[in-house]
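*Asks:*
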Amino acid sequence: MSSEDDIETCLNKAKTVISEGISHWNAPGLARRRKDEHETLIECGFTVRDLNIQGDVFDETHDKLRSRIEVAKLVLAAADLDAAQSDGSLAAQYPQDVLERMIEVDRFRQYDVYEADNNELQQRIQSHDGQLYEMVRKEVAPQLRSLNEGLTGDHSELSKYQMQGLKAIYGDRLETLQDAVGHYITHHGLPNVVDDMEEAILETAEAASDREQIVAELEASLGDSIDELSQSLHHSIRDEYRQLEAELYRLDYTETTTTDATEEELSSLLDRLEGLLDQQADRQAALVEQIELRESKLTDLEQHIERLEERLAANNIEDEVSQIVDAELDQLRDERARIADELAVLEAERIELEETRQQLEDERTPLQRGELPDRDGEQIPPVRASEARIAEFDYSSRFEQAVHQAERIVLPDGDAFSAEPAYWRDHHQRRDERERMRELLDDAVDDEMDVDTQLGNYPLNRNSRFVVQRSGRFPLTGSQELTIELRIQSHLETFARYGADDRPATQADLLEVINDVVRGAEQDDVPGIVAVASPTGWTEAVEKTIQGGDDIGTTFSRQVGVVLVDLHDRQLIYDSSQSLVTANAELFEFETLAERVQTTETRIRDELLDVATEYIQLDTVVDELSVTEQVASMALNRLATQGVGTLRQTSKGLVLDLR
């Protein structure tokens, strides 16, 4: 059986148990089946874990599967506790208060707000004879209280995956409770508004209805997901643009004279360029349409949010009703954030397309004259493919070492995060474009050449990504706080075809990377810092854009900070006003921690030892040499071990006593 079959079997098993619910599994005579199903789910947990270790299941999918399996196990345990005839051995494996809460929530299914056509629910709604407020008090408020108690509990005995499952159960039901009000209005009509509480409920129902309509309209307008739209719009243009640039580079690189053949090639390139511009215009129009639609829907949501916030601020409604309003406000805000994130992704695509269009326009004019585009000022001494590969490997290794050795990483809220090196084993991912480079070399080199052997001499656009995740009780999942990522951006087509490249990376190259990063950051709602490194450096225009504070990442994303890395001149370029980037800039330095300590030790000997008479303070080293406390203390410790003074902790802090 394949890994896909194993996953599907386990997932279906868990889904079946959850959908049947506690009220099914607590039936008399099912004690043996409950235990058998529980054992099967335990084996499924081991299977999914092993597939994750083998690399057949990604971390995100693994977590979702494990969470679903653990929920199913909790359902069986709760049924075991609730069953009239049971020895309770299954339930004894889990916290009793958690199982009791699950049983209570499961019993709300008798008038589940998910069941829009349920006759019993309609009868309950009609039995209140127009008193909407009473319906809320008697039917909705008890669910709210129970679910809120479940969400705010603290169950240290539960695993991460069990906690994720409980959050899914409680959170989803809490978010949809106001649908009961919508069912009331659907089946009973609008009641007389007799007080502020009913008015608040009606406003909430209207907001919920409009929110659902907005979601439906956006889905209908799109057809595919934002990610699919984004990729389908741009990937074909990216590929064609790369090929066109590589062909222009070939003509310029070989310094071909203007013969009839060259003129024919230039004419062909012009035709391709014109076609690419037409494609770009069509894609741009599609993006603008989606952007404008989302902007209008954001305005609608803002109006509902403002009205409900004013209703709560008036402080003239009871707690049960305010919880209903709060629940809808949370959903409205979530939908607002989701649409804003989609806008960020679409806007990122629009900016990249615009930059591509501008470069194509600049190249069209000389081609129309039968000339090659002027590359003066855009060239550097050629960087060989082997040099680019070494620079890529060296810098990515230094970056990873810096993260592993970092004494502290500053988070978006200003807190400092520290981790043992072992922590990163489960929070670090590497990727590269090996397969793409292999295909490019297959097309570019002689058949007799061993492509796999030659791959080691070419850059592969390595990607190294670290995720800082802090655990907590509730929210029930550990929360991702920050991603720290390195992307190498080489012109792989050029290196594959010519074995060298002399073109600095452009704004279009940068946007291609940033676009992908923004898409992930907005979807996951996790801030990030991305360093984009080029073995041929960057054009002056890109450097000025970043240094001038007009950060291409944060211009259209609230989540991403950008660091440019020039592997050719060994320089970092970033906007120093970006506090999160500046606070973590040391992670991207070319010097390793050991090299910085060695340099600092040398500077202490050269600059501070001669003028010091009795001692050298740690603070003095930090201030005078502009290094971190970690580097300064390690340098002083090295001097002490070499017999240059003694380290002492004094009222002035750590000092190197020279007496």
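Each residue of the sequence shown is one higher than the one before, starting from 1 at the first, in UniProt numbering.
For glycine and all other residues, C-beta sits at the position ideal for the given N, C-alpha and C.
Note that the structure is a prediction, hence the values are computed from the model and not measured.
If you draw a straight line from the C-alpha of Thr602 to the C-alpha of Leu277, how long is it?
*Replies:* Locating residue 602 in the sequence shown gives position 602, where the first residue counts as 1. Locating residue 277 in the sequence shown gives position 277, where the first residue counts as 1. Thr602 and Leu277: Cα-Cα distance of roughly 57 angstroms.
*Asks:* So Ile573 is in the beta strand (DSSP E); what residue range does that whole segment cover?
*Replies:* Counting from 1 along the sequence shown, the entry for residue 573 is found at position 573. Segment 571-573, the beta strand (DSSP E) holding Ile573.
*Asks:* So, using beta-carbon positions, are residue 664 and Val565 closer together than 9 angstroms?
*Replies:* Since the displayed the chain opens at 1 and closes at 659, residue 664 lies outside it and no answer follows.
*Asks:* Excluding the 5 residues flanking Glu392 on each side, which residues of the same chain have their C-beta closer than 6 angstroms to its C-beta?
*Replies:* Looking up residue 392 in the sequence shown gives position 392. So the list reads Pro459, Arg462, Ile488, once near-sequence residues are dropped.
*Asks:* Can you give the Cα-Cα distance for Arg434 and His491, rounded to whole angstroms?
*Replies:* Your numbering for residue 434 matches position 434 in the sequence shown. Your numbering for residue 491 matches position 491 in the sequence shown. Cα-Cα distance, rounded: 13 angstroms.
*Asks:* Taking the alpha carbon of Ala337 as the reference point, which residue from Val526, Thr582, Leu510 has its own alpha carbon closest?
*Replies:* Residue numbering aside, residue 337 sits at position 337 when the sequence shown is read from its first letter. It is Val526.
*Asks:* Would you say the segment 79-94 touches the segment 26-39, given that touching needs at least three Cβ pairs under 8 angstroms?
*Replies:* yes
*Asks:* Assuming Gln484 contacts Ile514 (C-beta within less than 8 angstroms), just tell me the rounded distance between them.
*Replies:* Working through the sequence shown from its first residue, we reach residue 484 at position 484. Working through the sequence shown from its first residue, we reach residue 514 at position 514. A quick correction: the sequence has Ile, not Gln, at residue 484. Incorrect: roughly 15 angstroms between the Cβ atoms, too far for contact.
*Asks:* From the DSSP output, which residues share a beta bridge with Glu485?
*Replies:* The count along the sequence shown starts at 1 and reaches residue 485 at position 485. Its beta-bridge partners are Arg465, Val530.
*Asks:* Is Lys297 near the ligand GTP, judged by its Cβ being under 8 angstroms from some heavy atom?
*Replies:* The model on display carries no ligand, and the ligand GTP is accordingly not part of it.
*Asks:* Can you look up Arg648 in the DSSP assignment and give me helix, strand or coil?
*Replies:* The residue given as residue 648 occupies position 648 in the sequence shown. It is a strand residue.
*Asks:* Could you please give me the residues that DSSP links to Val71 through a beta bridge?
*Replies:* Translated into positions along the sequence shown, residue 71 becomes position 71. Residue pairing from DSSP leaves Val71 without any beta-bridge partner.
*Asks:* With 16 as the cutoff for other CB atoms within 10 Å, does Lys544 come out buried or exposed?
*Replies:* Along the sequence shown, read from residue 1 onward, the residue named residue 544 stands at position 544. Of the residues assessed, Lys544 falls on the exposed side of the cut-off, its CB having fewer than 16 other CB atoms within 10 angstroms.
*Asks:* Secondary structure at Arg659, three-state DSSP: helix, strand or coil?
*Replies:* Within the sequence shown, numbered from 1, the residue matching residue 659 stands at position 659. In this structure, Arg659 counts as coil in the three-state DSSP scheme.
*Asks:* Classify Val622 as helix, strand or coil using the three-state DSSP reduction.
*Replies:* One-based indexing of the sequence shown puts residue 622 at position 622. Looking at Val622 - three-state DSSP - the assignment turns out to be helix.
*Asks:* Name the one or two DSSP bridge partners that Ala340 has.
*Replies:* As a first step, residue 340 must be located in the sequence shown, where it is residue number 340. Paired residues: none, contrary to the question.
*Asks:* Give me the Cα-Cα distance between Ile53 and Glu400, rounded to the nearest whole angstrom.
*Replies:* By 1-based counting over the sequence shown, the position of residue 53 is 53. By 1-based counting over the sequence shown, the position of residue 400 is 400. Roughly 21 angstroms between the two C-alpha positions.
*Asks:* Tell me whether Gln454 sits in a helix, a strand or coil according to DSSP, three-state version.
*Replies:* Reading the sequence shown from its first residue, position 454 is the one you call residue 454. When secondary structure is reduced to three states using DSSP, Gln454 falls in the helix class.
*Asks:* What residue range does the beta strand (DSSP E) around Arg431 cover?
*Replies:* Residue 431 sits at position 431 when you count from the first residue of the sequence shown. Element bounds for Arg431: 428-431.
*Asks:* Using the Cβ count rule (16 or more neighbours within 10 Å means buried), how would you classify Arg32?
*Replies:* Stepping through the sequence shown from its first residue, residue 32 is reached at position 32. Burial call: exposed.
*Asks:* Which of the three DSSP states, helix, strand or coil, is assigned to Gln617?
*Replies:* Here the question's residue 617 lines up with position 617 in the sequence shown. In the structure shown, Gln617 sits in a strand (DSSP, three-state: E or B).
*Asks:* Considering just the uninterrupted stretch of the alpha helix (DSSP H) at Asp50, what are its terminal residues?
*Replies:* Looking up residue 50 in the sequence shown gives position 50. Note, Asp50: alpha helix (DSSP H), 31-54.
*Asks:* When the distance is taken between beta carbons, is Trp424 closer than 9 angstroms to Val410?
*Replies:* In the sequence shown, counting from the first residue as 1, residue 410 sits at position 410. In the sequence shown, counting from the first residue as 1, residue 424 sits at position 424. In this structure, Trp424 does not lie closer than 9 angstroms to Val410 by Cβ.
*Asks:* Looking at the structure shown, is Leu564 part of a helix, part of a strand, or coil, going by DSSP?
*Replies:* Numbered from 1 along the sequence shown, position 564 holds the residue referred to as residue 564. Here Leu564 sits in strand by DSSP.
*Asks:* With which residues is Phe417 paired in a DSSP beta bridge?
*Replies:* Against the sequence shown, residue 417 aligns to sequence position 417. Beta-bridge partners assigned by DSSP to Phe417: Ile409.
*Asks:* Do you know whose CA, among Val542, Glu629, Asn584, Val655, lies nearest residue 690's CA?
*Replies:* No statement about residue 690 is possible, as the shown extent of the chain runs from 1 to 659 and does not include it.
*Asks:* Going straight from the alpha carbon of Asp341 to that of Glu335, what length do you get?
*Replies:* Translated into the one-based positions of the sequence shown, residue 341 becomes position 341. Translated into the one-based positions of the sequence shown, residue 335 becomes position 335. If I take the Cα positions, the gap works out to 10 angstroms.
*Asks:* Sort out for me which residues DSSP pairs Val383 with in a bridge.
*Replies:* One-based indexing of the sequence shown puts residue 383 at position 383. In the DSSP output, where bridge partners are listed per residue, Val383 has Asp501.
*Asks:* Please report the straight-line C-alpha distance between Glu70 and Gly45, rounded to a whole angstrom.
*Replies:* What you label residue 70 is simply residue 70 of the sequence shown in a count that begins at 1. What you label residue 45 is simply residue 45 of the sequence shown in a count that begins at 1. Straight-line Cα distance between these residues: approximately 8 angstroms.
*Asks:* Closest to Asp50 by C-alpha separation, out of Asp36, Leu65, His38, would be which residue?
*Replies:* On the sequence shown, residue 50 is found 50 positions in, with the first residue counted as 1. Its Cα nearest to that of Asp50, the residue Leu65 stands out among Asp36, Leu65, His38.
*Asks:* Does Ala594 pass the burial test, meaning 16 or more other C-beta atoms within 10 Å, or should it be called exposed?
*Replies:* Counting from 1 along the sequence shown, the entry for residue 594 is found at position 594. The residue in question, Ala594, is exposed, as its Cβ has fewer than 16 Cβ neighbours within 10 Å.
*Asks:* Sorted by chain position, which residues of the same chain lie with C-beta nearer than 8 angstroms to Val451's C-beta, five sequence neighbours on each side aside?
*Replies:* Locating residue 451 in the sequence shown gives position 451, where the first residue counts as 1. If we look at Val451 and ignore the five residues flanking it on each side, its Cβ neighbours are Arg438, Leu441, Asp442, Val445.
*Asks:* Go ahead and pull the three-state DSSP assignment for Gly275.
*Replies:* Residue numbering aside, residue 275 sits at position 275 when the sequence shown is read from its first letter. Three-state result, Gly275: helix.
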